[in-house]
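Asker:
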Amino acid sequence: MIGKQTIEDLLHRLKNDQNTVHWQTIPGREAHTAPFPDDLDEHLKDALRRRGIHSLYTHQAEAYNSAMMGADLVLVTPTASGKTLCYNLPVLQTMIEQPESRALYFFPTKALAQDQKNEMADLIDAVGLPIKSHTYDGDTAGSIRQKIRQAGQIVMTNPDMLHASILPHHTKWVSLFENLRFVVIDELHTYRGVFGSHVANVIRRLKRICHYYGSNPQFICTSATIANPRAHAEALTGRKMLLIDRNGAPSVKKHFLIYNPPVTNKQLNVREDETHSVVRLAGEFLKNKIQTIVFAKSRLKVELLVSHLQKINRGRQDRATIRAYRGGYLPLERRGIEKGLRQGEIMGVVTTNALELGVDIGQLQVCILTGYPGNMASVWQQAGRAGRRAEDAVIIMVTSSNPLDQYMANHADYFFARKPESVRINPDNIMILMEHIKCAAYELPFKKGEQFGSEQVDELCDYLTDEDLLHYQRGKWYWMSDGFPANNVNLRSAAQDSFAIIDVTDRGHAKVIGEEDRFGAMTMLYEDAIYIHQGTQYHVDELDLNERKAYVRKVNVNYYTDSDLAVQLDVLAMDKHAAFDNAHIEKGYGDVSVRALPTVFKKIRFETYENIGWGKIHLPELEMHTNAAWISFDSIYLDQFGKDVFQGALVGLSHLLRHVAPLFVLCDQNDLSVVPKIKAPHNEKPSVFIYDKYPGGVGLSENLYQLMPRLLEKASDMAQTCPCESGCPSCIGFVNEGRAAKQALIRLLKERSTCH
Amino acid sequence: MSLAQKLKLYRKQLHEQNRAAQESSLNRQQQDPTLNDERQNQAIRRAATALAADLRTFEDQYVLVHSERLPLATRIGPYALGDLWQTVASWQAFGAAHPLSAKGLHAGDLLFFDTETTGLGSGSGQMIFLIGLARMTDHFLELKQYFLPGPGHEAAFYDSFLRDCTSLKHLVTFNGKAFDWPRVKTRHQFVRDQVPKLPAFGHFDLLHASRRLWKNRLESVRLQSIESKLLSMNRENDVPGKLAPFLYFQFLKHPEPGLVKGIIEHNREDVLTLVSLYIHLSNKILGKAAVDPEENYEIARWFEQIGDHVHAQTIWKTLIQKDSAFQIPAKARLAACLKRKGDYRQSLMLFESVIAAGGDEGGLISIEAAKLLEHRFHDYSRAIQYTKSAMIQIGHQQNDEKMYQYKKAACLKRLNRLNRKHAKKFS
Numbered sequence: 001m002i003g004k005q006t007i008e009d010l011l012h013r014l015k016n017d018q019n020t021v022h023w024q025t026i027p028g029r030e031a032h033t034a035p036f037p038d039d040l041d042e043h044l045k046d047a048l049r050r051r052g053i054h055s056l057y058t059h060q061a062e063a064y065n066s067a068m069m070g071a072d073l074v075l076v077t078p079t080a081s082g083k084t085l086c087y088n089l090p091v092l093q094t095m096i097e098q099p100e101s102r103a104l105y106f107f108p109t110k111a112l113a114q115d116q117k118n119e120m121a122d123l124i125d126a127v128g129l130p131i132k133s134h135t136y137d138g139d140t141a142g143s144i145r146q147k148i149r150q151a152g153q154i155v156m157t158n159p160d161m162l163h164a165s166i167l168p169h170h171t172k173w174v175s176l177f178e179n180l181r182f183v184v185i186d187e188l189h190t191y192r193g194v195f196g197s198h199v200a201n202v203i204r205r206l207k208r209i210c211h212y213y214g215s216n217p218q219f220i221c222t223s224a225t226i227a228n229p230r231a232h233a234e235a236l237t238g239r240k241m242l243l244i245d246r247n248g249a250p251s252v253k254k255h256f257l258i259y260n261p262p263v264t265n266k267q268l269n270v271r272e273d274e275t276h277s278v279v280r281l282a283g284e285f286l287k288n289k290i291q292t293i294v295f296a297k298s299r300l301k302v303e304l305l306v307s308h309l310q311k312i313n314r315g316r317q318d319r320a321t322i323r324a325y326r327g328g329y330l331p332l333e334r335r336g337i338e339k340g341l342r343q344g345e346i347m348g349v350v351t352t353n354a355l356e357l358g359v360d361i362g363q364l365q366v367c368i369l370t371g372y373p374g375n376m377a378s379v380w381q382q383a384g385r386a387g388r389r390a391e392d393a394v395i396i397m398v399t400s401s402n403p404l405d406q407y408m409a410n411h412a413d414y415f416f417a418r419k420p421e422s423v424r425i426n427p428d429n430i431m432i433l434m435e436h437i438k439c440a441a442y443e444l445p446f447k448k449g450e451q452f453g454s455e456q457v458d459e460l461c462d463y464l465t466d467e468d469l470l471h472y473q474r475g476k477w478y479w480m481s482d483g484f485p486a487n488n489v490n491l492r493s494a495a496q497d498s499f500a501i502i503d504v505t506d507r508g509h510a511k512v513i514g515e516e517d518r519f520g521a522m523t524m525l526y527e528d529a530i531y532i533h534q535g536t537q538y539h540v541d542e543l544d545l546n547e548r549k550a551y552v553r554k555v556n557v558n559y560y561t562d563s564d565l566a567v568q569l570d571v572l573a574m575d576k577h578a579a580f581d582n583a584h585i586e587k588g589y590g591d592v593s594v595r596a597l598p599t600v601f602k603k604i605r606f607e608t609y610e611n612i613g614w615g616k617i618h619l620p621e622l623e624m625h626t627n628a629a630w631i632s633f634d635s636i637y638l639d640q641f642g643k644d645v646f647q648g649a650l651v652g653l654s655h656l657l658r659h660v661a662p663l664f665v666l667c668d669q670n671d672l673s674v675v676p677k678i679k680a681p682h683n684e685k686p687s688v689f690i691y692d693k694y695p696g697g698v699g700l701s702e703n704l705y706q707l708m709p710r711l712l713e714k715a716s717d718m719a720q721t722c723p724c725e726s727g728c729p730s731c732i733g734f735v736n737e738g739r740a741a742k743q744a745l746i747r748l749l750k751e752r753s754t755c756h
Numbered sequence: 001m002s003l004a005q006k007l008k009l010y011r012k013q014l015h016e017q018n019r020a021a022q023e024s025s026l027n028r029q030q031q032d033p034t035l036n037d038e039r040q041n042q043a044i045r046r047a048a049t050a051l052a053a054d055l056r057t058f059e060d061q062y063v064l065v066h067s068e069r070l071p072l073a074t075r076i077g078p079y080a081l082g083d084l085w086q087t088v089a090s091w092q093a094f095g096a097a098h099p100l101s102a103k104g105l106h107a108g109d110l111l112f113f114d115t116e117t118t119g120l121g122s123g124s125g126q127m128i129f130l131i132g133l134a135r136m137t138d139h140f141l142e143l144k145q146y147f148l149p150g151p152g153h154e155a156a157f158y159d160s161f162l163r164d165c166t167s168l169k170h171l172v173t174f175n176g177k178a179f180d181w182p183r184v185k186t187r188h189q190f191v192r193d194q195v196p197k198l199p200a201f202g203h204f205d206l207l208h209a210s211r212r213l214w215k216n217r218l219e220s221v222r223l224q225s226i227e228s229k230l231l232s233m234n235r236e237n238d239v240p241g242k243l244a245p246f247l248y249f250q251f252l253k254h255p256e257p258g259l260v261k262g263i264i265e266h267n268r269e270d271v272l273t274l275v276s277l278y279i280h281l282s283n284k285i286l287g288k289a290a291v292d293p294e295e296n297y298e299i300a301r302w303f304e305q306i307g308d309h310v311h312a313q314t315i316w317k318t319l320i321q322k323d324s325a326f327q328i329p330a331k332a333r334l335a336a337c338l339k340r341k342g343d344y345r346q347s348l349m350l351f352e353s354v355i356a357a358g359g360d361e362g363g364l365i366s367i368e369a370a371k372l373l374e375h376r377f378h379d380y381s382r383a384i385q386y387t388k389s390a391m392i393q394i395g396h397q398q399n400d401e402k403m404y405q406y407k408k409a410a411c412l413k414r415l416n417r418l419n420r421k422h423a424k425k426f427s
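Chains as they are written, first to last, in the numbering used here: chain A, 1 to 756; chain B, 1 to 427.
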C-alpha cells in the first residue's frame with residue numbers, strides 16, 4: 001500500500017494538472033482591533049478576558065457603539081468573523097443596565113438558534129449574572145414555554161415560529177412585547193424571494209404588535225456579502241439602516257482553484273460531467289483523510305455524488321464517514337451529521353447550500369464547489385467553510401458545461417473581481433400580502449386608514465370582508481371567522497402544502513423518509529420516477545395528490561429520471577413597456593398567467609447520460625399568476641432568418657438568459673423560468689418571457705426588466721466567446737439548425753448593440 | 001400597479017387561497033350594505049328587547065344582559081337546584097381534601113360558568129360573544145347571560161361581567177381550565193386598561209372529573225352525552241354548539257335576534273346542567289349516591305392519586321367483596337396499598353390471589369409477588385417461580401420492542417440474583 005499523501009503533495013499535483021485553469025492565492029489578513037468600549041460593563045469585560053479576548057475587532061466595536069446609541073444597523077460579515085459578539089454585547093449590556101428589557105433573536109433555522117443559544121449560555125455563564133436566554137421553537141418542551149413567555153429576557157426563535165405561534169398568541173407574551181428593546185435578525189441574506197417577502201410581512205406584524213404594546217425595538221441584522229445589504233435590510237424591516245461593513249477579523253491564506261473538466265467531445269464541445277471530476281478530486285482528499293466538504297446545487301446532485309464517493313470506501317463503517325446533508329432530511333439525522341463533522345468522525349460531507357449558513361460544523365480543510373453556485377454570496381459563504389481557523393485553506397470550484405460556469409472558467413479575472421448580486425423581495429406581492437393581512441387582523445383589528453408596510457390597506461380589508469373573513473364595525477375591521485389564518489401560510493414553500501415521502505419497501509413497516517413541496521413532488525415524485533434519498537434509489541409506486549403522499553419502494557437500477565414541462569403563457573396586464581433599437585426590439589413587464597403541465601419523463605443512464613427510455617406523466621396542470629419580463633422582436637426577423645432558424649435562435653437565447661439572469665439578481669435558477677414563444681399571444685411577436693416562479697412574483701423579473709439591455713449584452717458576449725460552432729451546453733444549448741441559429745442570434749444581438 | 005388593481009387581477013386566485021382559511025364551509029350571506037353604525041345601534045336595541053335582555057352601556061358601547069331567577073325547586077335532570085345546599089354542606093363534613101371539595105366555601109361562592117366563542121382556536125383572534133353564569137342565593141338561583149352585540153363592544157361586555165361577579169370565589173366549568181378561562185384571559189388583555197382586573201378564582205373543572213369516571217362508557221365525554229346517558233336529561237330543539245360561530249357571524253351581518261336565540265338557550269342549559277352535574281359528581285364521591293363498581297374504582301384511584309389512601313382503601317375493600325370486572329384490579333390496588341403500609345402478609349396473599357385468578361397480564365403482579373417473597377419472606381424458590389412466570393407474561397406482549405427488552409433484562413437480573421441467593425442459602 002502506498003503511504004498517505006499530504007495536502008501539499010495533492011496541491012502540487014493539481015498545480016501541474018492542465019485542467020486547473022486558474023490558481024488564485026488569497027493572502028491572509030491581520031486582525032484590526034479596538035480596545036473594549038469604556039462603558040462596557042466590567043462583568044462583560046471580565047467574561048471576555050477569561051475567554052482569551054482582550055480587545056474587539058474594529059467592526060465589533062463599531063457595531064457595539066452604534067447599537068448603544070440606538071441605531072438600527074446591518075452588519076456585513078464573512079464566515080467566522082465574530083459576528084455574534086456584534087449583537088450579543090449591546091444586548092447583554094442593555095440587560096445588565098435594565099433587566100426588565102427584552103430581546104428577540106430570529107434565525108432562519110432551528111439548528112442555528114440552537115447553536116446560538118449554547119454560545120449565549122456560555123457567555124452568560126462567564127458573565128455570572130442571571131440573564132435568562134432560551135430558544136422557543138417546535139422543540140421547546142411544553143413545561144417551560146410559559147416560563148419563557150413570561151420571563152425569558154432573550155428569546156431565540158425562527159420566523160415560522162414567530163408567524164404561527166408567537167404573534168397570533170401575543171396576549172401571552174405581554175412582558176416581551178411591552179419591553180422589547182432589540183430584534184436581532186441573523187443571516188439576513190437568506191430572507192429573499194418568497195421566503196423574504198413573507199418574512200418582511202411577519203416583521204410588519206411584529207412591529208404592529210410592538211406598537212400596540214408601546215415598545216419600539218431596535219433592529220440589528222447580519223448578512224453575508226450581497227450588493228444591497230442596506231436596501232435589503234430596509235425593505236425587510238421598514239427602517240432606515242446604518243451599514244457596518246469594514247471587517248476587522250483576520251483570515252487564513254486561501255488557495256482558490258478553478259478546475260475546468262476536460263473536453264470529451266470536441267465537435268460538440270462537451271466536457272466531462274463536473275460530478276465525475278468532483279468525485280475524482282474529493283476522492284483523493286478523502287482517501288488521505290483530509291476533511292472535505294463538497295457543495296452541489298441540487299438535491300439530486302448531492303445524492304449522486306454521495307453514492308459515488310461512498311464507493312471509494314468498502315467497509316460499511318467507512319461508508320458512514322461520507323454523508324449527505326440537505327433539506328428534506330429529518331432534523332435528528334442532520335444533528336447527527338453536524339456532530340460527526342465537528343468531532344471528526346465524518347470525513348466528508350456532500351451538501352446543498354443547507355450548510356452555507358452558520359451551522360457549527362467546525363473547520364474543514366478543503367471545500368469543493370460542484371459548479372458555480374449561481375451567485376457570489378454563495379461562493380464566498382461556501383468557501384468560508386474551509387480553513388476557518390489555522391491552516392491554509394483549499395477551495396476548488398469545478399465548473400460545469402453550463403454557460404455561466406464556462407464564462408467564469410474563461411474569465412477568472414471577471415470572476416474574482418465580481419461584485420455580489422443584489423437580493424430582492426416583494427413584500428407587497430398581493431398573494432403574500434393578503435395572507436398576512438389576515439394574520440394581522442387576527443392579531444389586532446385594523447383601523448380605517450391604517451397602513452401596513454408602506455400602503456394603506458382599507459381596500460384589502462373591504463375585500464376580506466366580502467370574503468366573510470373580516471367584519472367591519474365602528475371604524476375597525478375585526479377577524480370574524482373560526483379559522484386560524486397563520487396555519488394556511490407556509491413561509492418557506494412556494495406551494496403551501498408539502499408531500500410526505502413514504503418508504504413502503506417493507507409493507508409492515510412503512511416510514512416517512514422526507515418531504516417535498518408540491519412543485520417538487522410533481523417534478524420529482526411522479527409515478528415511475530426514480531427518487532434518490534441518502535444515496536438510495538426508490539421507485540415511486542404512487543403519488544396521492546389528495547392525501548399529499550408519495551409511496552416509494554427501494555430499487556437498484558442504473559438510471560435516473562428527469563421530467564419535461566409543457567408551458568402555456570398569457571399576458572394579463574402590461575405594467576411597463578419600452579421599445580429600443582429603432583423599435584425592432586421591445587421589452588415589457590407585467591402580470592402573466594402560466595399553466596405548466598408535466599408531460600413526459602426520460603430515463604437517463606448513470607455513466608453515459610444516454611436516454612434509455614421515457615414514460616408519460618399523468619398529473620393535473622399547475623396554474624399560477626405571476627410577474628414576467630419579456631423581450632419581443634420585430635416579426636421581420638422571422639422572414640430575414642427563416643422561421644426554423646429564428647426559432648432555434650429564440651430557444652438559444654432563452655438558454656442563455658436563464659443562465660445570465662442570476663448574474664444580476666440573487667436567486668436560484670429554479671426561482672425563474674424562461675420560455676420562448678415564436679408568437680406571443682399578446683402581441684403576436686417572437687418573444688422570450690422570464691417569469692418569477694411564484695404566484696404574484698417576488699420582484700426578480702421586475703428587476704430584470706430594468707436591466708434588460710445589460711442582460712442581452714451579457715448573453716451576446718457569451719454566445720460570441722464560446723468556441724463551439726453550432727451550439728453547445730455552454731452557450732445556446734443544442735437547438736435545431738444549431739449552426740445557423742447561433743449565427744443568427746449573434747447577428748441579432750450584435751446588430752442591436754451597434755445601433756444603440 | 002396599485003394594490004386595488006392587483007386585487008382585481010388576482011381576485012380568483014385570492015379567493016381560492018381564502019377558502020383554505022375557513023373551517024365551516026356553510027353558505028354565507030353578504031353583509032347588509034346599509035348597516036351603518038346608527039342602524040346597527042338601533043338593531044342592537046331591538047335585539048335586546050327580543051331577547052328579554054337589559055341594554056347596558058359603557059362609554060359608547062353596549063352589552064345585552066339577560067337575567068333570570070330560578071326557584072330552588074326547579075328540577076334540572078335528577079336534582080332540584082336547592083340540592084346544591086346539601087351537597088356543599090356534605091363537603092364541609094367530609095374529612096379529607098379533594099379537587100372537587102367545597103370545604104370552606106359557601107354555595108353562594110360558586111360561579112357556574114360557560115362561554116360561546118367565534119372559534120375553537122386558542123389565538124388572540126377568537127372572541128367570546130356569550131358568557132353565561134349562575135350563582136346560588138338563599139332563595140333562588142340567579143342566572144345571567146352577557147351577549148356581545150358586536151366586536152367593538154368588548155369593553156362593555158367584560159366590564160359588565162366582571163362587575164357582577166367580583167364577590168364570587170370559585171368557578172365551576174366544563175373544560176374551563178383549558179378552554180373558557182384562557183379565552184377570557186386572552187380577550188381581557190385587549191380591554192385591560194378599561195375594565196376591572198380578572199379575579200383570581202378557584203376552579204372546579206367538571207370535565208376532568210367526568211373523564212375520570214365515565215371515559216370508558218361515553219364515546220366522547222361531552223356535556224350533552226353526560227346529560228342524555230347519565231342524567232336522563234333530554235334537550236329539545238338544541239342548537240349544537242359548533243354552529244355558534246356561524247350563527248353569530250350571520251347575526252353580525254343581519255342582526256336578527258332569531259339567529260342567536262338558539263345559541264343563547266343552548267348556553268343557558270349548559271350552565272344549568274353544570275349545577276346538576278356538580279351535585280351528581282360530588283354525591284358519588286361523597287358516597288351519597290349510588291355508584292357502580294367502575295365509578296367506585298375510578299373514584300378510589302382518584303383518592304389514591306391525591307394521596308388520600310384512607311378513602312381509597314375503604315373503597316378497595318368494598319370492591320373486593322363483590323364479583324365484578326373490578327374485583328381483581330381492586331385486589332391488586334389494595335395489595336399495593338397494604339405493601340406500602342407494611343402489611344406484607346396480606347399484601348402477598350392478595351397479589352397471589354390476583355395471579356391465581358389470571359389477573360396478571362403484564363407480569364407486573366408476579367414481579368410484585370417475587371419482590372415480597374425475596375425481600376420480606378426470603379422464600380427464593382417461590383420468588384424464582386414468580387419471576388419465571390412474569391417472563392412468560394412479558395413474552396406475550398412484545399409489541400413495544402424497547403420496553404420489552406428493558407423488562408426482559410430487568411427480569412433476568414432479578415432471576416440471576418435470586419438464583420445466587422437461593423444457592424447461597426442451601427450451601
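Idealized CB from N, CA, C, for every residue including glycine.
Just so it is clear, the structure is predicted and the values come from calculations on it, not from any experiment.
Quick check: the Cα distance between L281 of chain B and A151 of chain A, rounded to an integer number of angstroms?
Answerer: Cα to Cα, L281 of chain B sits roughly 39 Å from A151 of chain A.
Asker: Could you pull out every residue in the same chain whose Cβ sits closer than 6 Å to the Cβ of A596 of chain A, ignoring the five residues on either side in sequence?
Answerer: Cβ neighbours of A596 of chain A beyond the five flanking positions: L565, V567, L622.
Asker: At a Cβ threshold of 8 Å, is R145 of chain A touching chain B?
Answerer: Chain B contact via Cβ: absent.
Asker: Report buried or exposed for G384 of chain A, applying the criterion of at least 16 other Cβ atoms within 10 angstroms of its Cβ.
Answerer: By the neighbour-count rule (16 or more Cβ atoms within 10 Å), G384 of chain A is buried.
Asker: Among A:D46, A:P78, A:H43, which one has its Cα closest to the Cα of Q60 of chain A?
Answerer: Of A:D46, A:P78, A:H43, the residue nearest in Cα terms is A:P78.
Asker: Quick one: which residues of the region 686-710 of chain A get their C-beta closer than 8 Å to a C-beta of chain B? List them in chain order.
Answerer: So the list reads P695, G696, given in the order they occur along the chain.
Asker: Go ahead and label A107 of chain B buried or exposed: buried means 16 or more other beta carbons lie within 10 angstroms of its beta carbon, across all protein chains shown.
Answerer: With 16 or more other Cβ atoms within 10 Å, it is buried.
Asker: Alpha carbon to alpha carbon, what distance is there between K110 of chain A and A4 of chain B?
Answerer: Looking at the two C-alpha atoms, the distance is approximately 37 Å.
Asker: What does a CB cutoff of less than 6 Å around S324 of chain B pick up in its chain, not counting 5 residues either side in sequence?
Answerer: Same-chain partners within the cutoff: P293.
Asker: Please go through the region 83-141 of chain B and give each complete beta strand (DSSP E) segment of 3 or more residues, from N-terminal end onward.
Answerer: For the region 83-141 of chain B, whole beta strand (DSSP E) runs of length 3 or above, ordered along the chain, are 110-117, 128-136.
Asker: Apart from the five residues on each side of it in sequence, which residues of its chain come closer than 6 Å, Cβ to Cβ, to I678 of chain A?
Answerer: Within the same chain, I678 of chain A has close Cβ partners Q647, P686.
Asker: Going along the region 149-178 of chain A in order, which residues come within less than 8 Å of chain B, judged by CB to CB distance?
Answerer: Listed by position, the residues of the region 149-178 of chain A near chain B (Cβ gap below 8 Å) are P168, H169, H170, T171, K172, V174.
Asker: Residues of the region 111-124 of chain B with a CB closer than 8 Å to any CB of chain A: list them in chain order, please.
Answerer: Cβ contacts with chain A: T118, G119, L120, G121, S122, G123, S124.
Asker: According to a CB-to-CB cut-off of less than 9 Å, which residues of the region 154-181 of chain B neighbour chain A?
Answerer: So the list is empty, because no residue satisfies the distance condition.
Asker: Quick check on the DSSP output: the beta strand (DSSP E) that includes P71 of chain B runs from which residue to which?
Answerer: Looking at the DSSP string, the run of the beta strand (DSSP E) that includes P71 of chain B is 61-71.
Asker: Using the beta-carbon count (16 or more within 10 Å), is R311 of chain B buried or exposed?
Answerer: The question names Arg, but residue 311 of chain B in the sequence shown is His. With 16 or more other Cβ atoms within 10 Å, it is buried.
Asker: With 8 Å set as the bound, which would you pick, yes or no: does the beta-carbon of D37 of chain B sit closer than that to a beta-carbon of chain A?
Answerer: Yes - at least one Cβ of chain A is within 8 Å of the one on D37 of chain B.
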